[in-house]
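Residue numbers (this note's numbering): 1314 to 1543. We put the beta carbon where it would ideally sit given N, CA and C, even for glycine. Presented below is the structure to which this report refers.
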């Protein structure tokens, strides 16, 4: 039986890389956080609504443990697919498991984060809400004894990427393609709007800066004249 993953594409940008071109090791944690927040806030909980904000304000998602193992470089402009699964969910905790694969099928990094739900009022550990637990069984890791986390820490990364590798990359490749097309269209239309907005803002700012400069220029000239007069 194949596993289910939550997957998303990511384009490596200049700010994700180091001076010699490949991605920074901290970008591996960025991969983890990007897909985690995308799952929680783009697909599960809408904190823009009063109900969603009220539910989210009750607790703090404490990242108790975070780990990543860097396996291969990614260069600026290359795409990766990020996959998220779940391991060892309890009443108050969940472990998110991450796999990142480059566009050519090369494993880039793997890691995990253990999330503990804490009351924002008392600081005590509390039961996890439904928006945390609802994906637990659906995206549950098939790796057991040792677990996903134990295998990564021990350096047994080939076992982590051998699980449903073919189907994983096929699904991810198709998903990245379709997502990229959608994102490309979205960015395109947004850029058109943004371009118009920047244009009009620049016109306003240009006039504002111009008038401010005229005032400041006259003030500076007057100040210099006063100093020289002394």
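**Under 8 Å between C-beta atoms of residue 1414 and residue 1393** = Cβ atoms of residue 1414 and residue 1393: closer than 8 Å.
**Asked** Going along the chain, which residues of its own chain have a beta-carbon closer than 6 Å to the beta-carbon of residue 1462, five neighbours each way excluded?
**Response** Around residue 1462: 1425.
**Message:** Report the CB separation of residue 1321 from residue 1421 in whole angstroms; it is logged as a contact under 8 Å.
**Reply:** In fact, because the Cβ distance is near 14 Å, the residues do not count as touching under 8 Å.
**Message:** What does the Cβ neighbour count give for residue 1447, buried or exposed, with the cut at 16 atoms within 10 Å?
**Reply:** Its Cβ having fewer than 16 others within 10 Å, residue 1447 is exposed.
**Message:** Output needed for residue 1327: all residues of its chain with C-beta closer than 7 Å, excluding positions within five of it in sequence on either side, in chain order.
**Reply:** 1389.
**Message:** I'd like to confirm the pairing. Which residues does DSSP put opposite residue 1380 in its beta bridges?
**Reply:** Its beta-bridge partners are 1425.
**Asked** Below 8 Å, can you find three or more Cβ-Cβ pairs linking the region 1350-1362 to the region 1322-1342?
**Response** Short answer: they don't touch.
**Message:** Does the region 1379-1386 come into contact with the region 1433-1441, if we say contact requires no fewer than three beta-carbon pairs (one atom in each stretch) closer than 8 Å?
**Reply:** Taking 8 Å as the limit for Cβ pairs, the verdict is that the region 1433-1441 does not touch the region 1379-1386.
**Request:** List in chain order: all unbroken beta strand (DSSP E) runs of 3+ residues lying wholly within the region 1347-1410.
**Result:** Segments of the beta strand (DSSP E) lying fully in the region 1347-1410: 1372-1383, 1392-1400.
**Asked** If you draw a straight line from the C-alpha of residue 1416 to the C-alpha of residue 1391, how long is it?
**Response** Approximately 7 Å, taken between the alpha carbons.
**Asked** Is it true that the CB of residue 1384 sits closer than 8 Å to the CB of residue 1349?
**Response** In this structure, residue 1384 does not lie closer than 8 Å to residue 1349 by Cβ.
**Item:** DSSP three-state assignment for residue 1466, whether helix, strand or coil
**Value:** In the three-state reduction of the DSSP assignment, residue 1466 falls in the helix class, which pools H, G and I.
**Request:** Can you tell me which of the three DSSP states residue 1433 falls into?
**Result:** Residue state, collapsed to three classes: coil.
**Message:** Using the Cβ count rule (16 or more neighbours within 10 Å means buried), how would you classify residue 1355?
**Reply:** Here residue 1355 is exposed: its Cβ has fewer than 16 other Cβ atoms, across all protein chains shown, within 10 Å.
**Distance between beta carbons of residue 1428 and residue 1407, contact taken as under 8 Å** = About 5 Å; that satisfies the 8 Å criterion.
**Asked** Bridge partners of residue 1456, per DSSP?
**Response** DSSP output for residue 1456 lists no bridge partner at all.
**Item:** Whether residue 1375 touches residue 1431 by CB criterion (8 Å)
**Value:** Going by beta carbons, residue 1375 and residue 1431 fall inside the 8 Å limit.
**Message:** Suppose the cutoff is 6 Å on Cβ atoms and the five residues either side in sequence are ignored; what does the same chain contact list for residue 1444 look like?
**Reply:** Apart from the 5 residues on each side of it in sequence, residue 1444 sits with its Cβ closer than 6 Å to the Cβ of 1357, 1358 in its chain, given in chain order.
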